[in-house]
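Okay, structure first, notes after.
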Amino acid sequence: MHIALLGGSFNPFHKAHLSLALSALNFGEIKQVQLLPAKKPWQKPSQMLEAAHRIAMIKLSIAGQSNICINTSELERDGLTYTIDTVEALPPEHKYYWIMGSDQLQNFTTWHRWQDILRHVDLLVAHRPSYPLEIPSEISEELKKLNKEIHFLQMEDQNLSSTQIREKIKNSQSIEGLVHPEVIKYINTHNLYKE
């Protein structure tokens, strides 16, 4: 089976995350998207909502999407979260794609053992506003060695981030249309992101 993987803090999961996953399902032979909530990403600050809340909001957001599921492997590991550990532990019988934005592609060579990641997955890249769809030369050279290429997702640009959503909540602004309506209820019920 062809499986696409979308990693992230999902703090919270929003409409652009869902658009990415749905776009991946329209690409080639991909039959499933697995969402990988990060435990403690080494490149991000530690102020992150506990995993149970983030998973609950993802479940609300993907209700009814039978081809999108949650993979909790990164949450179950101790220590910092490295993508290479995740992809090395994947069942070998499937073909995998790693979904990322063009912003992440520009700094992919800073990821731990990035060359080894490319041996396990194909990159599936979506354009992010202000970040060109250019492949850094180091990555191009590595892909040539592996006889692989980068795939580009066809989707509308969405200038939306979890940071923006958290800021809006903190400032008592509406987040309607940015996250699933049930996620808004969940955030309000549990009084999340208020400080």
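For the sequence shown, position 12 (counting from the first letter as 1) is numbered 12 according to the UniProt record's numbering, and the numbering increases by one without interruption. From the three backbone atoms N, C-alpha and C, an ideal C-beta is built for every residue, glycine too.
Asked                                                                                                         : Found
Distance between beta carbons of I117 and I135, contact taken as under 8 Å                                    : Actually they do not touch by this definition, with Cβ atoms about 15 Å apart.
Proximity below 8 Å, CB of L22 to CB of I99                                                                   : no
Per DSSP, the bridge partner or partners of E176                                                              : V179
Proximity winner among H120, W114 and E74, relative to P92 (alpha-carbon distances)                           : H120
Endpoints, the beta strand (DSSP E) within which K95 is located                                               : K95 to G101
The region 136 to 147 in contact with the region 101 to 109 per 3-pair CB rule at 8 Å                         : yes
Residue nearest to Q154 in terms of C-alpha spacing, selected from A24, N11, R77 and I3                       : A24
Alpha helix (DSSP H) runs contained entirely in the region 101 to 184, provided each spans 4 or more residues : 102 to 106, 114 to 120, 137 to 146 and 162 to 170
Three-way DSSP call (helix, strand, coil) for I62 in this model                                               : coil
Identified DSSP bridge partners for A4                                                                        : V33 and Y97
Cβ-based burial, N11 [other Cβ within 10 Å; buried from 16]                                                   : buried
Alpha carbon of N191 to alpha carbon of L90, nearest angstrom                                                 : 36 Å
Continuous alpha helix (DSSP H) stretch holding L18: start and end                                            : K15 to L25
Helix, strand or coil at T83 [DSSP, three-state]                                                              : helix
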